[in-house]
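Peer 1:
There are 2 protein chains.
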Amino acid sequence: MADAVLFEFLHTEMVAELWAPDADPGSGGKKKSWSVLEGLGFRVGQALGERLPRETLAVREELDALKFLCKDLWAAMFQKHMDGLRTNHQGTYVLQDNNFPLLLTMGSGSQYIEEAPKFLAFTCGLLCGALHTLGFRSLVTASVTALPACKFQVVMQKS
Amino acid sequence: MADAVLFEFLHTEMVAELWAPDADPGSGGKKKSWSVLEGLGFRVGQALGERLPRETLAVREELDALKFLCKDLWAAMFQKHMDGLRTNHQGTYVLQDNNFPLLLTMGSGSQYIEEAPKFLAFTCGLLCGALHTLGFRSLVTASVTALPACKFQVVMQKS
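For the protein sequence lines, the chains are A and B, in the order given.
According to this note's numbering, the first sequence holds residues 1 to 159 in order.
According to this note's numbering, the second sequence holds residues 1 to 159 in order.
1. Quickly, what does DSSP pair Val5 (chain A) with across the bridge? List them, please.
2. At a Cβ threshold of 9 Å, is His89 (chain B) touching chain A?
3. Does chain A have any CB closer than 9 Å to the CB of Arg43 (chain B)?
4. Within 9 Å of any Cβ in chain B, is that where the Cβ of Gly107 (chain A) sits?
5. Is it the case that the Cβ atoms of Leu147 (chain B) and Gly107 (chain B) are separated by a distance below 9 Å?
6. Taking the DSSP output, what are the residues bridged to Ser143 (chain A)?
7. So, is the C-beta of Ala23 (chain B) closer than 9 Å to a C-beta in chain A?
8. Verify the CB distance criterion: does Glu17 (chain B) have a CB-CB separation below 9 Å to chain A?
9. With a threshold of 9 Å between beta carbons, is Thr92 (chain B) in contact with chain A?
10. Under 8 Å: do the stretch 132-147 of chain B and the stretch 45-52 of chain B share three or more Cβ pairs, one atom per stretch?
11. If you pair each beta-carbon of the stretch 8-19 of chain B with each one of the stretch 135-143 of chain A, do three or more pairs fall below 8 Å?
12. At what residues does the alpha helix (DSSP H) containing Asp64 (chain B) begin and finish?
13. Which one of A:Lys71, A:Leu103 and A:Tyr93 has the shortest CA to CA distance from Val155 (chain A)?
14. Compare the Cα-Cα distances from Arg60 (chain B) to each of B:Phe122, B:Phe136, B:Lys158 and B:Phe152 and report the closest residue.
15. Roughly how many whole angstroms lie between the Cα atoms of Tyr112 (chain B) and Lys118 (chain B)?
16. Candidates A:Cys128, A:Phe122 and A:Gln79: which alpha carbon is nearest Leu37 (chain A)'s?
17. Can you have a look at Asp64 (chain B) and say buried or exposed, based on whether 16 or more other CB atoms are within 10 angstroms of its CB?
18. Look at the Cβ atom of Gly91 (chain A), then the Cβ atom of Lys32 (chain A), and state whether they are nearer than 9 Å.
19. Check the Cβ of Phe9 (chain A) against every Cβ in chain B and list those closer than 7 Å, keeping chain order.
20. Cβ of Leu73 (chain A) within 9 Å of Cβ of Leu127 (chain A)?
21. Would you mind reading off the limits of the beta strand (DSSP E) that contains Leu85 (chain A)?
22. Quick one: grab the DSSP three-state call for Leu120 (chain B).
23. Counting only C-beta atoms, is Thr133 (chain A) closer than 9 Å to chain B at any point?
24. Can you name the residues of chain A whose CB is closer than 8 Å to the CB of Met14 (chain B)?
25. What separation, rounded to the nearest whole angstrom, lies between the Cα atoms of Ala149 (chain A) and Arg86 (chain A)?
26. Taking Cβ-Cβ distances shorter than 9 Å, what residues in chain A pair up with Ser5 (chain B)?
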């Protein structure tokens with residue numbers, strides 16, 4: 001019984017709990033669910049960031065910080081590396097995971113693609129929170145074209 | 001960076017989110033928070049239970065099931081064993097953890113003892129959910145006398 005499944009099960013149940021169907025469409029329920037999950041992820045990302053080895057905290061190059069997310073952070077969370085990292089060299093980065101573990105339970109293809117965003121909110125916040133601890137302000141969004149692959153887009157904010 | 005901290009950080013933030021101060025004391029807010037966290041734990045415990053090796057699922061003696069929680073389940077979650085297991089031989093079991101990881105951030109002693117229950121609800125549900133998968137109905141409660149030690153009381157329900 002692997003420890004990693006504990007995190008994945010807890011994440012799944014937390015999404016189910018916080019993404020409850022909203023009785024009043026006018027109250028911005030889904031938007032609120034997204035930001036609650038994103039906020040949770042941000043704080044967990046910050047906390048994970050504070051556990052980093054000192055050498056990593058000395059990272060000051062954007063690209064090194066992104067490589068850290070793709071390798072060390074992904075390994076700690078999902079026991080693997082991100083599958084791809086691209087940049088336009090102007091502060092925008094696209095991180096690709098071809099088998100994102102938090103989407104694996106949804107099966108493959110596009111049938112349930114509308115349900116995917118709720119499983120990405122926590123991780124968007126987490127990436128943003130980890131970058132924050134490394135000293136970078138960012139906006140992180142996610143997109144899915146075919147489950148269980150997804151892309152995270154990180155846009156660095158100039159301070 | 002250990003994977004285990006990921007679960008602990010997520011648990012901490014989930015408690016903070018779901019145990020929000022309640023504006024209306026009449027609405028049973030804290031009671032609802034407890035049952036939401038307990039329900040989340042129950043479902044995670046069931047899911048973990050379904051990942052057990054086949055030999056374990058063949059457990060049919062109460063005491064074997066409890067030993068499984070104290071050793072295998074605790075090791076998978078917290079990388080250690082429970083510190084003590086007692087029974088009155090009439091279906092009541094007391095599981096003692098002298099350094100319960102989900103209470104460690106609260107410091108020692110009795111200063112914050114009133115805050116402790118919210119950090120135990122998820123685990124009470126989880127123990128109950130894992131027992132459910134093993135084929136046992138139970139009621140699980142927790143108590144704290146001095147942080148970070150705690151006791152889980154399991155009362156087996158006759159079917």
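Quick reminder that beta carbons are idealized off the backbone N, C-alpha and C, glycines included.
Please read these numbers as outputs of a predicted model, since none were measured by experiment.
Peer 2: Considering the structure as presented:
1. Residue pairing from DSSP leaves Val5 (chain A) without any beta-bridge partner.
2. It does not: the Cβ of His89 (chain B) has no partner Cβ on chain A nearer than 9 Å.
3. At least one chain A Cβ lies under 9 Å of Arg43 (chain B).
4. Judged by the 9 Å Cβ criterion, Gly107 (chain A) is not in contact with chain B.
5. With respect to the 9 Å criterion, Leu147 (chain B) and Gly107 (chain B) are classified as neighbours on the basis of their beta carbons.
6. Answer is A:Lys151.
7. The predicted position of Ala23 (chain B) is uncertain, since its pLDDT is 48 and thus under 50; no value can be drawn from it.
8. Closer than 9 Å to some Cβ of chain A, the Cβ of Glu17 (chain B) qualifies, so yes.
9. No - not a single Cβ of chain A is within 9 Å of the one on Thr92 (chain B).
10. The stretch 132-147 of chain B vs the stretch 45-52 of chain B: in contact.
11. Result no; under three Cβ-Cβ pairs closer than 8 Å.
12. Run containing Asp64 (chain B): Glu62 to Phe68, per the alpha helix (DSSP H) assignment.
13. Nearest in C-alpha terms to Val155 (chain A), of all of A:Lys71, A:Leu103 and A:Tyr93, is A:Tyr93.
14. Restricting attention to B:Phe122, B:Phe136, B:Lys158 and B:Phe152, the CA atom closest to the CA of Arg60 (chain B) is found in B:Phe136.
15. A direct Cα-Cα distance of roughly 12 Å separates Tyr112 (chain B) from Lys118 (chain B).
16. Comparing alpha carbon positions, the residue from A:Cys128, A:Phe122 and A:Gln79 closest to Leu37 (chain A) is A:Phe122.
17. Under this definition Asp64 (chain B) is an exposed residue.
18. No; because the gap between Cβ atoms is not below 9 Å, this pair is not in contact.
19. From the beta-carbon of Phe9 (chain A), the residues of chain B found nearer than 7 Å are Val44, Ala47 and Leu48.
20. Yes, they are a contact pair.
21. Per DSSP, Leu85 (chain A) belongs to the beta strand (DSSP E) from Gly84 to Thr87.
22. Secondary structure of Leu120 (chain B) (DSSP, three-state): coil.
23. No, Thr133 (chain A) lies away from the interface with chain B (no Cβ there is under 9 Å from its Cβ).
24. Correct list: Leu10, Met14 and Leu40.
25. About 16 Å.
26. Position check: residue 5 (chain B) holds Val in this sequence, whereas Ser was assumed. Within chain A, the residues near Val5 (chain B) are Ala47, Leu48, Arg51 and Ala76.
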